[in-house]
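To start, the structure under review is shown below, and the notes come after it.
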Amino acid sequence: MRVEVRVYPKAGVLDPQGKAIASALSRLGHRAVRDVRAGKVFFIDVDGSDPKAVEADARRMAEELLANTVIEGFDVRVLGAGTDLV
Amino acid sequence: MRVEVRVYPKAGVLDPQGKAIASALSRLGHRAVRDVRAGKVFFIDVDGSDPKAVEADARRMAEELLANTVIEGFDVRVLGAGTDLV
Amino acid sequence: MPVITEEQIQEHNLSEDEYARILEILGREPNLVELGIFSAMWSEHCSYKSSRVHLKKFPTTGPRVLQGPGENAGVVDIGDGLAVAFKMESHNHPSFIEPYQGAATGVGGILRDIFTMGARPMASLNSLRFGRIDAPRMKHLVDGVVRGIAGYGNCIGIPTLGGETTFHRGYDENILVNVMNLGIVRSDRIFLGRAEGVGNPIVYVGSKTGRDGIHGATMASEEFAADEANQKRPTVQVGDPFTEKLLMEACLELFETDAVVGIQDMGAAGLTSSSFEMAGRAGSGVEIDLSKVPVRETGMTPYEIMLSESQERMLLVARRDRLEQALAIFHKWELDAVEIGRVTDSGRVVLFFEGRIVADLPAAPLADRAPMYDRPRAAAPAPETPRWREEDEPSDYGDVLRRLLASPNVAEKSWIWRQYDHMVQTNTVERPGGDAAVLRVKGTKKGIAMKSDVNPFFCQADPYRGGAIAVAEAARSVACVGARPLAITDCLNFGNPEKPEVMAQFEAAVRGISDACRALDVPVVSGNVSFYNETAGRAIPPTPTVGMVGLLDDVSRHVRLPFRRAGDRIALLGTTHDELGASEFLRTVRGRDEGPCPEVDLAAERRLVDLLVALAAKGLLASAHDVSDGGLAVALAECAMQGGVGAEIALDSEIRPSSFLFGESTGRALVSFAPENEAAIGAAAESGGVPCGIVGTVGGGRLKMAVRGRTATVVVDEDLASLTKLWRGAFVHAIESADVL
Amino acid sequence: MKFGIVVFPGSNCDADCHHVATNLLGCEADYIWHQEKDLKGADAVILPGGFAYGDYLRAGALARFSPVMESVAAFAREGGAVLGICNGFQVLLEAGLLPGAMQINRGLRYVCADVHMRVENDATPFTSLYPKGSVVTMPIGHMEGNYTAPPETLDALEREGRVVFRYCDPDGRVVDSANPNGASRGIAGICNAQGNVVGLMPHPDRCSEGILGNAAGIKMFESAVAAMAAR
Ligand SMILES: Nc1ncnc2c1ncn2[C@@H]1O[C@H](COP(=O)(O)OP(=O)(O)O)[C@@H](O)[C@H]1O
Ligand SMILES: [Mg+2]
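Chains as they are written, first to last, in the numbering used here: chain H, 3 to 88; chain V, 3 to 88; chain F, 14 to 754; chain L, 17 to 247.
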């Protein structure tokens, strides 16, 4: 199965990268952009067929390794097998 | 409105970070992990109410700036306003 | 107006006496904003209330000192119209909570201290103390701290040229991250943190203010209760090195004009300390409209704005008639720059928010009348007596050497410094790995040497001697590269000062540093104190880090550590005593964490420093290395391994071979030189009053040592290539087995 | 001979290149602020190392939109000599003036160390003074130097002789253990089809004088001086 973990700066935590991207987008003419938050996304393929178990597993991976929970939040979504990425 | 842009290594492009994460996860005991691909996710708040227009706009941002299309693919999803992040 | 409750006073870490003093200064009750300001200004971190009495003992003046302690950094003249500004800072508590951001923002903070003086930051050092590598979270901490220092310093383009890294269980729950930076400034263009000139605008520059780090200064002034680290997490600040780069370039460009009257970075306690200190130093007053402060989050209160520790911010006073010019420079660099107030002559700091006065406090008393404590000190424990017995003598000295070279404290640290850009700015003459870093000063023939040093195990055994030895070892390291020691900065890391044993350690270490500075003629020009490095009642070993700066008149004469040529002669300068206490050997190989601390003879240290500098200036040396951790055997091995050439020494010894090979007697250096220089060096040593024993010769592929004792001869004979492999690989091996990303 | 040195917000090695051009070579050199479009009559343009825009998002990604880049592109089209060092190379890739892309080093860490490179192309304006096939030692300092491109692009680069430098061991052998970042086919530097635009990850500006322990890099700048003189 494939599971997606998104990791992003917690609310209130400074996001210098998001800030720089937002101002670059606005310089490029995307004036409607108000705010950008920059995070990471991980697509993890795991052996297993129980979505509940896979999700729980992925949460543990996020806590242990993928997210720095001091400053980052995360969420987990089971995508099913073979979900396509371009 | 909030729109989400995910950017990830194209199929066939080596993903050094994903590879390292996969082996770290397996060392941490997550033996079911088969593969990891590491990408970026951007949450962009834009002024605008037409989801179609917002999505088209976000695609342009991705093409111009957020993704390096030589090695990265991307997708775009309009989330609506106030979608919560932890 | 709300009445301040007892609870609020406690939450703000103010004692009853301190609160009474506030009432006396104000003649009324403070409001909450004012209470927050007092709390921050009177925190240990900002007020130095437990240390001030003792720090007065430091010698702080000298013919070259242009600025001593009290400003953002110390400044020392190096001739040619130039001066160096330098300082060291700790970011211990934040780094334990979030190692990457804690270390990164530590670098950011020290850089601002340097460039506010008008100096361009040229080089950083980092002095790191970690717990046992297998302690919980430790690999994560090591990795995060190193990445954080790299992430910030590399991005902003300032090389990290060296440091120290020690592992010991005493730091399992309290790591230390001390960072030093040095910058170069024209000696007639030094800027100070003063709010002068009534009517001059006060300008806020840099990142917007968020809620980060509120109570950071008070956090640095408390010990961790067990697992409290977790609860304190929301105060984590995130560094933005790109914004700091813009801030640095903009400030340096601005300093070329005459628009700036005074400038100060917003470090600990942010806008509070910067505004009060600038007004206090100048004897002026300021009025600030907090509604004008650029904020990152909605609904921020005056209390939050005053106490935020958001990074990459500066406060400056501009000349009224040059305000536009100043703002234009900041805007060119795409920075927020806003006039938020003006200088007054009221002697008060008056804060407005949305048209109301939210605080009105006298400026000077917050600093001048800050509490100062001569805290009780325990009597110094009796010095330990050596507990070494003949049966403890090793049977295989080569094996001991191998184990020492593989110990994380001695092993090569290139895993760390390869992650640091140590070449940007193209001034790096001596890269990390030598005794002291050396950088050239463009446009002159001069060179600057820098080294941070302290042996916490010596300090644990005897804080007075440990403090003195830290200065002596740093001076020796700097002299080994051929530089004359100029001045020091320091970062004094200790446990809870309210404990008499800790206070006794602190007082003794300060005395030791002071005495050594006087003996070596190096003033203290800046520094930092970090108390409360303590968890669940367990304090760190006393760790007074010394940052030494030295000057080479001719940088092309600098001396390197590695042996250079087969056939060169090797000499040991200084005296080796029968001392094994507090040595790496005793601790790592014998598992005994015990003293006593080695002796220190400051007059002899001075003579050694003078000799090394003179020999280097005459170009007589091929290599030089100070003898410290691991003793003579390790020092010899390091010269050989780095030079890629073996060596053979043989000597007679009255003392036990283990002391000779692995003891850490102070005041020694190992030098090599062409055989034709032997007579000149011997004569210089003799007239300089430094014992000099020719002990061997460079050459071959093995490291051979023979110590002829009274009864038997002890031999070490090892293959250099395999020692090198061990020494280079040990640290990587220990750390890379970690699951870190 | 005049060098133009582009300064992006976050450029760190602009002054280092300026020092080499002026103090070491005695040439003229002007800084060109990224908002400017005038290249000030430069004979050769250098995009220096550093962290333009903090390297936020991707190294070079934000810098490529600076107004100066249009002028640099036009200058390059007309055959002007352009050198991108480290971050400057990354900017050239992002701007499409050179093909391919950078990824994070395979060790996932920043690496500051000396590397050896084999000179593969001595026909560019920046490499003419290095004998082809010779081994040059230079320092690197980067987090994203893992050069990548689609296989067709890599093949074309090889075929057209546009690989300028390749990581190698001290004896000139291109072996994986000498590759500091995982770059495809050991590529340390490349040029465009005309050969006038060159990018490399190592820093010639950091090894151009004896006091720094290595002067091998000065030949890149001297090559440019020679090329301009020959025009
Ligand atoms: N954290 C670090 N960062 C950079 N360089 C370091 C670090 N730790 C140690 N080093 C370098 O490793 C070398 C040996 O350090 P150390 O063992 O402390 O030397 P010494 O025993 O001579 O004081 C020095 O050149 C020092 O600068
Ligand atoms: Mg040391």
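For every residue, glycine included, the Cβ atom is placed at its ideal position computed from N, Cα and C.
Please list, in chain order, the chain V residues whose beta carbon lies closer than 8 Å to that of residue i.
i, result
"residue 23 (chain H)", "44, 67 and 68"
"residue 77 (chain L)", "67 and 70"
Under a three-way DSSP split, which group does residue i fall into?
i, result
"residue 751 (chain F)", "Interpretation of residue 751 (chain F) is limited by its pLDDT of 49, a score under 50 that renders its predicted location unreliable; no figure is taken from the coordinates."
"residue 332 (chain F)", "coil"
"residue 15 (chain H)", "coil"
"residue 636 (chain F)", "strand"
"residue 671 (chain F)", "helix"
"residue 403 (chain F)", "helix"
"residue 167 (chain F)", "helix"
"residue 43 (chain F)", "coil"
"residue 287 (chain F)", "helix"
"residue 173 (chain F)", "strand"
"residue 6 (chain H)", "strand"
"residue 628 (chain F)", "helix"
"residue 300 (chain F)", "strand"
"residue 153 (chain F)", "helix"
"residue 367 (chain F)", "coil"
"residue 68 (chain V)", "helix"
"residue 80 (chain L)", "helix"
"residue 44 (chain H)", "strand"
"residue 541 (chain F)", "strand"
"residue 685 (chain F)", "strand"
Using a Cβ-Cβ cutoff of less than 7 Å, which residues in the same chain neighbour residue i once the five nearest sequence positions on both sides are dropped?
i, result
"residue 121 (chain F)", "165, 252, 254, 257, 324 and 325"
"residue 28 (chain H)", "35"
"residue 17 (chain H)", "11, 39 and 40"
"residue 623 (chain F)", "701"
"residue 74 (chain F)", "81 and 536"
"residue 47 (chain V)", "4"
Grab me the residues of residue i's own chain with a C-beta within less than 8 Å of its C-beta, minus the 5 sequence neighbours each way, in chain order.
i, result
"residue 370 (chain F)", "363 and 364"
I'd like the list of long-range same chain contacts for residue i, defined as Cβ closer than 6 Å, with 5 residues on each side in sequence excluded.
i, result
"residue 17 (chain L)", "43, 59, 241 and 244"
"residue 372 (chain F)", "46, 47 and 364"
"residue 751 (chain F)", "For residue 751 (chain F), the pLDDT reaches just 49, beneath the cut-off of 50, and the residue's location in the model is therefore unreliable, leaving the point undetermined."
What do you reckon, are the CB atoms on residue i and residue j nearer than 9 Å?
i, j, result
"residue 331 (chain F)", "residue 274 (chain F)", "yes"
"residue 461 (chain F)", "residue 97 (chain F)", "yes"
"residue 393 (chain F)", "residue 607 (chain F)", "no"
"residue 733 (chain F)", "residue 657 (chain F)", "yes"
"residue 58 (chain H)", "residue 7 (chain H)", "no"
"residue 9 (chain L)", "residue 211 (chain L)", "Only positions 17 to 247 of chain L appear in this structure, which leaves residue 9 (chain L) out of reach."
"residue 279 (chain F)", "residue 219 (chain F)", "yes"
"residue 95 (chain F)", "residue 457 (chain F)", "yes"
"residue 34 (chain L)", "residue 24 (chain L)", "no"
"residue 522 (chain F)", "residue 286 (chain F)", "no"
Under 8 Å Cβ-Cβ, which residues of chain F neighbour residue i?
i, result
"residue 15 (chain H)", "225, 249 and 251"
"residue 216 (chain L)", "What residue 216 (chain L) touches in chain F: nothing, since even the nearest Cβ is about 15 Å away."
Which chain F residues are close to residue i, counting only those with a beta carbon under 7 Å from its beta carbon?
i, result
"residue 70 (chain L)", "168, 254 and 255"
Name the chain L residues that come within less than 9 Å of residue i, Cβ to Cβ?
i, result
"residue 26 (chain H)", "69, 72, 73, 77, 78 and 81"
Along chain F, in chain order, which residues have C-beta atoms closer than 9 Å to that of residue i?
i, result
"residue 53 (chain H)", "Correct list: empty, because the minimum Cβ distance to chain F is about 26 Å."
"residue 25 (chain L)", "255, 258, 259, 262, 346 and 347"
For a contact meaning CB atoms closer than 7 Å, what does residue i contact in chain H?
i, result
"residue 30 (chain V)", "66 and 67"
For the region 524 to 539 of chain F against the region 582 to 600 of chain F, do three or more pairs of beta-carbon atoms, one drawn from each stretch, fall closer than 8 Å, so that the two count as touching? no
Taking contact to mean at least 3 C-beta pairs separated by less than 8 Å, is the region 443 to 450 of chain F in contact with the region 168 to 178 of chain F? yes
Determine, using beta-carbon pairs with one atom in the region 353 to 360 of chain F and one in the region 472 to 486 of chain F, whether at least three such pairs fall under 8 Å. no
Would you call the region 196 to 209 of chain L and the region 227 to 241 of chain L touching, i.e. three or more CB-CB distances under 8 Å? no
Per the contact definition of three or more C-beta pairs closer than 8 Å, is the region 216 to 231 of chain L in contact with the region 87 to 107 of chain L? yes
Under 8 Å, with one C-beta from each stretch per pair, do the region 55 to 69 of chain L and the region 124 to 139 of chain L reach the 3-pair mark? no
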